[in-house]
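J.: For reference, the structure I am asking about is given below.
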Amino acid sequence: MKKRVIPRILSFVVAATMLVPLWSPVIAKDAPPPLYVSTTAKYPAPALSDVDGREYKILFDPAKTSPDMATAFKDLWGKIKAAAAKQGLQVTEKDKNPLAIEFSTKEYFDTPDQALWSKGYLIRITTRYKDGKPNDPVAVTVKAVFEDARTTLAVPLAVVGVDKVKTEAEENVGFGPDGSLRGYVEKGSSFSIPMAALGKFTLGDFGKYMPELLKLGLPADTALKTTKAYSYRVRPGAVVLPGTAPSGVSMEAWSRTEGGAPFLYDFSFGYSDLDFYAVAATHAAGEQFMTKVLQQELGALVSADSGKWGGSKVRQMMNRPIPVASAAPAATSSPVQAKAPAGFNTSATAPVNPLDEKYGYAAPPAYIKHYEADKSGRVLINPYLQVASKDFPAVLVVKEAPYNWVIDAGGNVAIIPEAAHPYGRTYPNGFFRPEDQSTRKPGTRENYGHVSALAGTPGRISGEILYDKDTNSWIINNKSGRYTKHNSDRSPEQLVNAATLIREVVDPGKTPWGQAFFLLEYSSDEMRAALLKSPKIQYDDPAKKARPHLIVMGGGATTFKPEEMPKVAAPSPAAVAAPAGVAAPSEAAAAKPAKVRKAKAAQNDDPS
């Protein structure tokens, strides 16, 4: 996303701080910190540099207001103004027709089992009406929402074939089931096209404008089901907050049929075009409006299950409650005790997302090789990429080995052969590669690496699939300098989970599956030190203790027990380092590896 330059608002901020009383919330000694404090602590700058604002939202119960929609809007708005005045907060109202109702429809597209939502994506078509007639073209919006904000922001959401595209990211703030404020970051791209251009509303019909949708492991002809809401909206005024222009208010009523009784009312306000880290007073004021006006004064009007949906209309309509684990951590004077590891979990850290435990945190690549990105900085995707699923398995061919595999942020496995890169070269005399401090043999060519499976976006545990001539089998390892080696939480159990998934969704042809190797060279220093104490450790050269590894799977099942694995505490996702940038070597890779005999069955020679 293009970063916004904000000097234009600085003069306004100065003036605003002179005219508006400073917000300095009084916090009880044992109270949790404000949400914006927890958010910026979890995502230190510049992680949220592309998040330029916030939207605050809450759901009102239609049964607690007038059955007549126009009267209900007038009643709710009047009570909000009165509650704000009582709390000493400022709300403005438009001079002309503040309660004029705008009509539109909003259709959400997904498979019957909501496969797109499960993968972190949301597709919406908004049709606005004028004089009772629908406008054409319609507005299409594709959003990405993941538990970890960095994963959300890393999603490209690139649109092709249209003239104008708007891509933006914001934090949505609402109350959770426990009554505390919670937030999550969503990123969306919006564009306008004629309704007829979307054909039969298959995944491919949307994918021709956003090709990214066709890389989610679903076939292009997947039929998408529509869930439709009839929206009646008023924009009566604004909430006045320090450090920004008045924040526009939106109030919507949604019904399931045209002219039908609303099943929800929502109230929202927000601001944008700000530096997320530089407007603490604005964030604090927005949160106080939520708690003082909407929770304390008007709590009796709020839907009983508003917290279940985090104030989100679409979550309620699609029956997608907010994840319980998304709550901000409460302040505490004593260390938080880690939960007991579940199943095969070497890390003692309790993850927020189940996929974090299963395959490791989704983290940006440690570095990008100089030839892997084009002049605009975009990482090229391997043209032979296969995103494997049970319905559409990836296929392995011995002549195309070796392969790289990556578990993406959504828990899917991407498979690519190490094909020659069009921007790469072949070195007849060999060369030294600064990205990983490695000396390459004569005749080495530059290939597509792990990052080309995900276009440089965050990935989980990764490695190689190699053909071993001696055993005539496919072997799997955790060898990835981008997504495995530089991430402290990668564990043998995650490799077992990944190898199990690979065996479920990859067709090995006539060649059987062989062993799976966890290479200690591609684990953290702490995990390597702990695992070296295991009696299961093997070496390529026992006398020299060269290239230690665990054989974690044979032809099928794991060969070790969870209780035999030492527990190693891993850092939270916030401690995962950002990518070093194109052609920049990472610090963790600075030491040149020792020259030891290569184990053919354990790893490929080229560290990609």
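Here the working numbering is used: the sequence shown runs in plain steps of one and ends on residue 608.
Glycine is no exception: its CB is placed at the ideal position from the N, C-alpha and C atoms.
1) Please go through the same chain and pick out, in chain order, the residues whose beta-carbon is closer than 7 Å to the beta-carbon of A557, but skip the five residues on each side of it.
2) Label A223 either buried or exposed according to how many other C-beta atoms from any shown protein chain fall within 10 Å of its C-beta, with 16 as the threshold for buried.
3) Going by beta-carbon coordinates alone, are N404 and G449 separated by less than 8 Å?
4) What are the uninterrupted segments assigned as beta strand (DSSP E) that are 3 or more residues long and contained completely in the stretch 524-555, given in chain order?
5) Are three or more beta carbon pairs between the stretch 114-123 and the stretch 83-90 nearer than 8 Å?
6) When you compare only the Cα positions, how much space is there between K358 and N478?
7) Nearest by alpha-carbon distance to P492: which of K469, W513, Y129 and S524 is it?
8) Run through DSSP, which three-state label would R54 get?
9) Start and end of the beta strand (DSSP E) containing D110?
10) Alpha carbon to alpha carbon, how far is A516 from V406?
11) Can you tell me whether R256 is buried or exposed? The criterion is at least 16 other CB atoms within 10 Å of its CB, across all chains shown.
12) Please classify A285: does DSSP put it in a helix, a strand, or coil?
13) Taking only three categories from DSSP, how would you classify N497?
14) Got a sec, what are the start and stop residues for the alpha helix (DSSP H) Q87 sits in?
15) What three-state label does DSSP hand I125 in the structure shown?
16) So what does K143 bridge to, in DSSP terms?
17) Could you check how far apart the C-beta atoms of G248 and V279 are, in whole angstroms? I think they sit under 8 Å.
18) Cutting at 7 Å between CB atoms, please list the residues of its own chain near R128, excluding the five before and the five after it.
19) Would you mind sorting E93 into buried or exposed? The rule is 16 or more other CB atoms within 10 Å of its CB.
20) Please report the distance separating the alpha-carbon of K79 from that of L274.
21) Near D61, what residues of its chain come up, given a Cβ to Cβ distance below 6 Å and the 5 sequence neighbours on each side ignored?
22) Applying the 10 Å Cβ sphere with the 16-neighbour rule, what's the burial state of Q386?
23) Just reading off the alpha helix (DSSP H) that Y271 is part of, what are its end residues?
24) Can you list, in chain order, the residues of its chain with a C-beta nearer than 7 Å to that of S452? Leave out the 5 residues immediately preceding and following it.
25) Taking the straight line between their C-alpha atoms, what separation do you get for P219 and L153?
26) Just the C-alpha distance for A41 and G443, rounded to the nearest angstrom, thanks.
T.: Short version:
1) Unreliable placement is indicated for A557, whose pLDDT of 46 sits below 50; the coordinate value is still reported in the next sentence. Around A557: no qualifying Cβ.
2) exposed
3) yes
4) 549-553
5) no
6) 14 Å
7) S524
8) strand
9) E102 to D110
10) 15 Å
11) exposed
12) helix
13) helix
14) Where Q87 is concerned, there is no enclosing alpha helix (DSSP H), given that its DSSP letter is neither H nor E.
15) strand
16) L122 and G188
17) Contact doesn't hold; Cβ gap of about 17 Å is too wide.
18) S104 and N135
19) exposed
20) 30 Å
21) S303
22) buried
23) Looking at the DSSP string, Y271 is not in any alpha helix (DSSP H); the run it does join, the beta strand (DSSP E), is L264 to Y271.
24) E372, V379, L380, I381, N382 and I416
25) 25 Å
26) 48 Å
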